[in-house]
Amino acid sequence: MLCDCVSVSAIHMFESVCVCMSLPSHFLLSQKGTVRSPVRSRRPITVISRIHRSRVTPVPHACFGLNTVPVYKIHMVTGFPVSQIYRNPSLLFTCTAADIPYFLKFIFSSIIQQRSSYDASFKLNVIKAAESSNNSATARQFGIAESTVRDWRKKKTELEMMPRTKKACRGLSSAYPKLESTLYDWIVEHRNNGYAISRTAIRLHALTLKKSAEFGVHSNFLASAGWCKRFMERHNVTLRQRKKLSQKLPKDLEEKVDSFHRYVLKLRHQHNYDLGQIGNMDETPMTFDLPGNRSVHTQGEKTVLVKTTVHEKAHFTVVLTCMADGTKLKPLVIFKRKTLPKSAKFPSGVVVRAQPNGWMDEDGIRFWLDKIWCHRPGSLLRKRALLVWDMFSAHLKESIKSAVRNACTDIAVIPSGLTSQLQPLDVCLNKPFKDRLRQMWADWMCSDAVTTTKSGLPQRPDITAVCRWVKDAWESMPPEMIQKSFRKCGISNAMDGTDDDAIYEDDENSEDETDDTIDPYLDTEGLGW
């Protein structure tokens, strides 16, 4: 009788524990003591309402060849329609009375170890039910652990921000939360002040914070691009970009491009130019305010403000010249002034000129020919050269054409509307050059070098600093990029046609987005060879 009482008590304990844990009743017990679940129910089932009867009956010892230890048969009849999967819904298991507690422990540990994942919608429903009643009752209702309910309630705000179908809270947490918190505060402060923040700026500032011992950052922390991406996801910030207008291409695009290529190839066959004597010149209008096109900002914001020095209309012109072999000639910077300050010390490697309007004109082109083009490598030997430029009206003046011919140079004019396709500086070089300038401007804006006026507005950068930025940005352009740009435009390709594939190659550094500033040097008239 003692054994019978132990067995019956164990069965009652099994039922009560199942009720408390809201364990599903549709499990099968094999004779080896393993647990098999025929189907996973989406709806939690309370065991006490499903078990109609449970009884323990003695089994004769002779059936199992045992003489001293009584063996009992646990007979459970479930109301769950397991007969659809198994023929007999009656579950039989045999064990000794002493083994029943261990057997139940095995069942519970096997079932509890089964992990389930829930989407945010289910978790929010659980939270709502728990708020209206209590955690314990909600856990029994939904068939989950009470600790899980408590954990989800703590993360309610985070779950409400997630998509309802997402299985939330996945991925590794931050290894350096204090550093990331300080970095995020730095981003918010700079964005509130209107500064444009790039991903590179985030990574550089993270490396700066790494040097401080208070954050306890490991020396192997590199602030990689992947870490930056995860940091932005953790703090709900994204990269925003202002919209830009693309250059409108002419309807007869292919015909004009083919005509230009045939004209350049004809000149190359006639004069056999060295690659170092095939050049491209372009005037690029700039402003003293160079905010980036992108900035890190909170997701969902429709307006992204960027702080400037309120000198957006104060412009100057940068004239860049490069050769097909990768050679870079000195940049020419034209400022809007009548004269240059006598005390200014401009860096070597850049030519500076003052002009009342701050842009290129006929006198400026003659100045460029004398100071830059005629000082290119090979010019003293009077090597014949080819100059490619756009349809700026001053380029087409007869006086300018005559001056260029006197410099032993032929001219190839790019058809109207095709500078984004046929001008090497536009195709691959202007965008990275301007990106470098913007980065230098952003570093200057974030530094202590910015002075303010009496009204508290930031003053524009000094012209010597601008010239230094132009020089450094231009010198940082790799020669390989220049060579590839000429080939992509079909200007320096092998004359036997073996390099023509370069024209159709996609270039990740190419300027797929033209500037939103309209180039004042482009003419709208057509060109007839």
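Start counting the sequence shown at 1; every next residue gets the next number (UniProt numbering).
Backbone N, C-alpha and C fix where the C-beta goes; we use that ideal spot for every residue, glycine too.
In the same chain as Ser-399, and ignoring 5 residues on each side of it, the C-beta atoms closer than 7 Å to its own belong to Glu-362, in chain order. Following the DSSP letters along the chain, one finds Cys-467 inside the alpha helix (DSSP H) bounded by residues 463-475. Here the alpha carbons of Ile-463 and Arg-376 stand approximately 25 Å from one another. Assignment of His-315 by DSSP, reduced to helix, strand and coil, places it in the strand class. Per DSSP, Lys-336 is not a residue of any alpha helix (DSSP H); the beta strand (DSSP E) it occupies stretches across 332-336. Look at Gln-423 here: in three-state DSSP terms it is coil, with no helix or strand label. Pairwise C-beta distances place the region 385-396 out of contact with the region 341-356, as fewer than three of them are shorter than 8 Å. Inter-segment contact for the region 224-243 and the region 476-485 is absent: fewer than three beta-carbon pairs are separated by less than 8 Å. Between Trp-152 and Val-188, the C-beta gap is not smaller than 9 Å, which leaves the two residues out of contact. Under the criterion of beta carbons closer than 8 Å, Ile-372 and Thr-317 do not qualify as touching, at roughly 14 Å. The beta carbon of Ser-117 sits closer than 8 Å to those of Lys-167, all from its chain and outside the five residues before and after it, given in chain order. In the three-state reduction of the DSSP assignment, Arg-353 falls in the strand class, which pools E and B. One alpha carbon belongs to Ile-144, the other to Leu-159, and they sit about 18 Å apart.
In this structure Arg-436 touches Ala-473 by the C-beta definition: roughly 4 Å separates them, less than 8 Å.
Relative to the Cα of Ile-491, the nearest Cα in the group Met-323, Glu-283, Lys-330 and Arg-468 belongs to Met-323.
If you look at Pro-285, you'll find it in the beta strand (DSSP E) that goes 278-287.
Burial of Lys-330 is indicated by the presence of at least 16 other C-beta atoms within 10 angstroms of its C-beta. Secondary-structure assignment with DSSP links Asp-410 through a beta bridge to Leu-386.
Thr-182 carries a helical assignment under DSSP once its states are collapsed to helix, strand and coil. In its chain, beyond the 5 residues on either side, Ala-206, Leu-209, Lys-210, Phe-215 and Val-217 have a beta carbon closer than 8 Å to the beta carbon of Leu-179.
In the displayed model, Met-445 falls within a helix according to three-state DSSP. Using a Cβ distance threshold of 9 Å, Pro-424 and Cys-489 count as a contacting pair. Contact check for Leu-429 and Val-257: beta-carbon distance about 19 Å, past the 8 Å limit, so the pair fails to qualify. Beta-bridge partners of Met-323 (DSSP): Gly-279. Non-local beta-carbon contacts of Leu-340 in its own chain, meaning distances under 7 Å to residues more than five positions away in sequence, involve Val-352 and Ala-354 in chain order. By the Cβ neighbour-count rule, Ser-485 is buried, with 16 or more other Cβ atoms within 10 Å of its own. Around the Cβ of His-269, a 10 Å sphere holds fewer than 16 other Cβ atoms; the residue is exposed. When the Cα atoms are used, Lys-266 and Gly-326 turn out to be separated by approximately 22 Å. When the beta-carbon positions are compared, Gly-378 and Gln-483 stay at least 9 Å from each other.
Pairing Trp-368 with Asp-282 gives a Cβ-Cβ distance that is not under 9 Å. Cβ-Cβ distances below 8 Å link Cys-374 to Ala-407 in the same chain, with the five nearest sequence neighbours on each side left out; the list follows chain order.
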